[in-house]
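Asks: 107 is the number that my numbering gives to position 107 of the sequence shown; each next residue is one higher, with no gaps.
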Amino acid sequence: MVSAIRQWFAAGAGSRNRARTSTASAARGEAAANAVDRSQRDALSWYLDQAREFEKSKVEAAEEKARIAERRSVLSGGIALAAVFGMAALGLLKRPNPPAILRVNDTTGKVDVLPTTANGHVSFTEKTDRADLRRYVEMRESYDWETISDMHSAVMFMSDDRERDAYDALVRGSAGPLKLLKDQARVIARVGSITFVGSTAQVFFSRQLIPLNAAAKRPDPNYWIATVAFTRVDVPEKQDQQDIDPDGFRCTSYEVTRDYTRAPADASPDAVPTGSRPGGSAS
């Protein structure tokens, strides 16, 4: 009986020992499995982090390339714009010199070089004087039946009292164009060069008679020199007068002589141009 009890206790203890051993083995296996899972998760997390860093570096590299390309495009545009402005400035500054104008005296052979504006340093006053002289001489020496009234009024307004009377007498006189030419012909005056001698100007011009009858022969032009003294007065106040003479030009003396440097060898000082006073005479 006693031996049977001992065997029963021994069998129970063995079974308990085997149970504890199996439990410990299971725990160790579970711990090992958990360790493997953690290692795998850590490895996966590391790979994901590396992938994110790689993608981030690719994005940053692309952005840097875009910034560099933008800077290059801005720099290229700035250089191109500077080149355009430079070429424009060079075109304005680099002006070719105007050709020299020569006047040859056929009698003496003397060659005169007429002044040009090569360096561009001509004053505004001189330019204004030249424009007014050109306009005044062409109006005074030309004739057209349809426009003589306006031209006469303009020349009268731009002349002082003495020249006004002389011009009016020539135009309306018995030998004037109103009596001789009427509406049968025109006279075209063209100013060439203008030179200044002190406060007096020499205006070289040509005149050509143009018959309005197509069958009539047109004579060759002849050439003259007008010696003009002028001054400046106050600008007129009335609008219609400002339209005629906006800067107060006044002719104080007007004399015309033949330009024999351009006249034929057998030319004679015959007809005096319309509106001209030869050698200071008031006829």
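Even glycine gets a Cβ: it sits at the ideal position worked out from N, Cα and C.
From 168, 230, 210, 227, pick the residue whose C-alpha is nearest to that of residue 221; which is it?
Replies: It is 210.
Asks: List in chain order: all unbroken beta strand (DSSP E) runs of 3+ residues lying wholly within the stretch 179-257.
Replies: For the stretch 179-257, whole beta strand (DSSP E) runs of length 3 or above, ordered along the chain, are 185-197, 200-211, 222-232.
Asks: Excluding sequence positions up to five away, which residues of its chain have a Cβ less than 6 Å from the Cβ of residue 41?
Replies: So the list is empty, once near-sequence residues are dropped.
Asks: Please name the residue or residues paired with residue 174 in a DSSP beta bridge.
Replies: Residue 174 pairs with nothing; no bridge assigned.
Asks: Put residue 260 into one of helix, strand or coil per three-state DSSP.
Replies: Residue state, collapsed to three classes: coil.
Asks: Pull up the distance between the alpha-carbon of residue 206 and that of residue 234, whole angstroms please.
Replies: Distance between the alpha carbons of residue 206 and residue 234 is about 31 Å.
Asks: Within 10 Å of its beta-carbon, does residue 129 have 16 or more other beta-carbons around it, so buried, or fewer, so exposed?
Replies: Buried, because 16 or more other Cβ atoms sit within 10 Å of the Cβ of residue 129.
Asks: So if DSSP puts residue 136 in a beta bridge, which residue, or which two residues, is it bridged to?
Replies: Paired residue(s): none; residue 136 is not in a bridge.
Asks: Would you call residue 232 buried or exposed, if buried means 16 or more other Cβ atoms sit within 10 Å of its Cβ?
Replies: Exposed: under 16 other Cβ atoms inside 10 Å.
Asks: Do three or more CB pairs link the stretch 139-159 to the stretch 184-198 at distances below 8 Å?
Replies: Yes, since at least three Cβ pairs between the stretch 139-159 and the stretch 184-198 fall closer than 8 Å, the two stretches touch.
Asks: What do you reckon, are the CB atoms on residue 245 and residue 151 nearer than 8 Å?
Replies: Contact: no.
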